[in-house]
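Numbering (my numbering), first residue to last: 388 to 460.
What follows is a single structure, written as structure tokens, with notes after it.
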């Protein structure tokens with residue numbers, strides 16, 4: 388159950404992460420990364436790794452994009 392919830396939270400973070408991918412909207416990742424962190428926490432509670440891995444990949448990609456935009460130094 389936690390794995391399904393983690394995957395759903397990851398998909399929501401992915402959808403919300405599409406808009407900040409556009410130029411000048413990278414500050415939106417400050418709001419999307421915590422959603423993925425919550426999804427990774429639920430994924431860590433499950434016995435399967437799929438949801439956790441999805442959210443960890445999203446956290447890495449969004450953090451790299453945030454760093455490229457100068458949002459994280």
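The C-beta atom is built at its ideal place from N, Cα and C for all residues, glycine as well.
Coil, strand or helix - residue i by DSSP
i	result
residue 415	helix
residue 410	coil
residue 426	helix
Beta-carbon spacing of residue i, residue j below 8 angstroms
i	j	result
residue 416	residue 404	yes
residue 441	residue 391	no
residue 389	residue 419	no
residue 425	residue 396	yes
N- and C-terminal bounds of the alpha helix (DSSP H) containing residue i
i	result
residue 402	389-403
residue 450	437-455
Cβ separation of residue i and residue j, assumed to be a contact under 8 angstroms, to the nearest whole Å
i	j	result
residue 443	residue 427	6 angstroms
residue 413	residue 453	6 angstroms
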